[in-house]
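As structure tokens, the structure follows; a few thoughts come after it.
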Amino acid sequence: MIRSLFTGALTVLAISLAASSGHAAPAPTQPAPAWPWGDEDHTDAAYQELLQKGDRLALQAMEMRRALRVRRRHHQLGERIALNAVASYEAAAERRPGEGEPHYRAAEVLRAHFLSLDSPGRSDPVIRDRALAERALAHWSAFEDLEPLDPRVTATLFERALVRTRLATEDDFQHAIRHYELLLQRSDLSALGGDAAATWLSNLAETYMMVGRLSEAIAMYKRSLAYGSQPSYGYGLAVALDRDGQYHLAREVMQAYAATDNMRDLRRGSVFFVPAGELDYYLALGYEALGEFAKASEHYQRFIASGAHPRYHAQARANIERIADAARRGGGGPGRTLPGRPGGRERP
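The numbering of the sequence shown is my numbering, which starts it at 9 and goes up by one.
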């Protein structure tokens, strides 16, 4: 389960563009970013014109997308304009290969229009257009290489980690982990809002779990709960504990949160699962902790059928069998006093 800090990709882009173009930005519905576009080189007229052309096209695409929140029939036109903006920034980068600014702008336009979960028609948690994602990632990397001291480099790490996670391969998960770890190394968590710090920590915990690093996932989930009390962080901890063999403790943690939240936090707009079938493991463990064993078995089976995270399918099957064993004995489901799984690492 991953959280996205929905600050409104278009709002961020609009404010940044307005800062460089002289246009008035619409009133933001979310906090403004702490940075505008970077400085332009006014000694090269052709380079400056390419940047400004990109800005004009990006603003046009953004305004069209705003209109299409009401009328979505032709959102492809706005996307074509956005790609033209990116092409203009890329031409600027070719003209001045030592400048990082065009790369930053190109990446941000690609993110806002094609890689954000609030983009029209792009709510699938797994990014299907890998070429566009890699295009943005290449621009972010070029910006970092060319402008390593620019504070915006650190600010891009969270979005880069989200994109990598949503590409949903083992290699991409490893890249996401490195982005999150670097973000945490460069940041003072005590100076952040609690929700941002908790989100960074819990996202890193989830990504650790995706690659099988369960001890680190558990430790990071516990850190996230020190910064934020959202039930989703507790649910993540419970799933990591279960997959680590800590059967009883996992259900105690899950029950403590699910009894009051009823797993509603798993379906909030800022939460997504990669792949989508991972949600079923969370729901299965939640229903099991609440004593709804038929639903629990059904969702464990759905998780397995989805193909999400095969390394945890054996664990899901073991949980199904445990529920079935208890039902055969007439208990309806596994009780608190049942012994841990053979070979499990039960640590209360």
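Just so it is clear, CB atoms sit at the ideal spot from N, CA and C, and this is done for glycine as well.
Leaving out the 5 sequence neighbours to the left and right, which residues in its chain are closer than 6 Å to residue i when beta-carbon positions are compared?
i	result
Ala115	Ala144, His147, Trp148
Ala335	none
Thr162	Arg194
Ala359	Since the displayed the chain opens at 9 and closes at 356, residue 359 lies outside it and no answer follows.
Arg310	Asp288
Thr164	Trp148
Ala205	Leu197, Tyr235
Met271	Gly294
Leu209	Met228, Arg231, Ser232
Lys61	Ser96
His307	Asp288, Leu291, Ala292
Pro239	Tyr265, Asp269, Asp273
Glu224	Tyr216
With a CB to CB cut of under 7 Å and the five nearest residues on each side skipped, what residues in its chain are close to residue i?
i	result
Leu222	Ala248, Arg251, Asp252
Gly202	Tyr235, Gly236
Ile226	Leu245, Ala248, Leu249, Asp252
Leu65	Ile89, Asn92, Ala93, Ser96
Glu178	Val219
Met262	Tyr243, Ala246, Leu293, Gly294, Ala297
Ala304	Ala292, Tyr295, Glu296, Ile331
Answer with buried or exposed for residue i, where buried requires no fewer than 16 other C-beta atoms within 10 angstroms of its C-beta.
i	result
Val134	exposed
Leu59	buried
Asn327	buried
Gln323	buried
Ala184	buried
Pro105	exposed
Gln84	exposed
Thr268	exposed
Arg259	buried
Ala53	exposed
Ala141	buried
Ala101	buried
Suppose contacts are defined by Cβ-Cβ distances below 7 Å. Is residue i in contact with residue j by that definition?
i	j	result
Val279	Arg11	yes
Gly285	Ala316	yes
Tyr188	Ala213	no
Gly108	Phe151	yes
Ala69	Ala90	yes
Ile331	His321	no
Tyr289	Leu274	no
Tyr243	Ser232	no
Glu87	His121	yes
Met9	Phe301	no
Arg103	Tyr55	yes
Kindly list the residues whose CB is nearer than 8 Å to the CB of residue i, restricted to its own chain and excluding five residues on each side of it in sequence; keep chain order.
i	result
Phe181	Arg172, Thr173, Thr215, Met218, Val219
Arg319	Gly220
Pro283	Pro133, Val134, Ala176, Ser314, Gly315, Ala316, His317
Leu191	Thr162, Leu165, Phe166, Ala169, Trp208
At the 7 Å Cβ level, is residue i part of the contact set with chain B, yes or no?
i	result
Ala234	In the structure shown, chain B cannot be found, because there is only a single protein chain.
Cβ contact (3+ pairs, closer than 8 Å) linking the segment 151-158 and the segment 198-215
Contact fails between the segment 151-158 and the segment 198-215, because fewer than three Cβ pairs, one in each stretch, are under 8 Å apart.
*asked:* In chain order, what are the residue ranges of uninterrupted alpha helix (DSSP H) at least 4 long that sit wholly in the segment 124-195?
replied: Whole alpha helix (DSSP H) segments, 4+ residues: 138-154, 159-175, 178-193.
(request) Pick out the complete alpha helix (DSSP H) segments inside the segment 191-238, 4 residues or longer, and give them in chain order. (result) Every alpha helix (DSSP H) stretch that sits fully inside the segment 191-238 and reaches 4 residues is listed by chain position as 202-218, 222-235.
- Could you pull out every unbroken beta strand (DSSP E) segment of at least 3 residues lying fully inside the segment 225-300, listed in chain order? None, since the segment 225-300 contains no complete beta strand (DSSP E) of that length.
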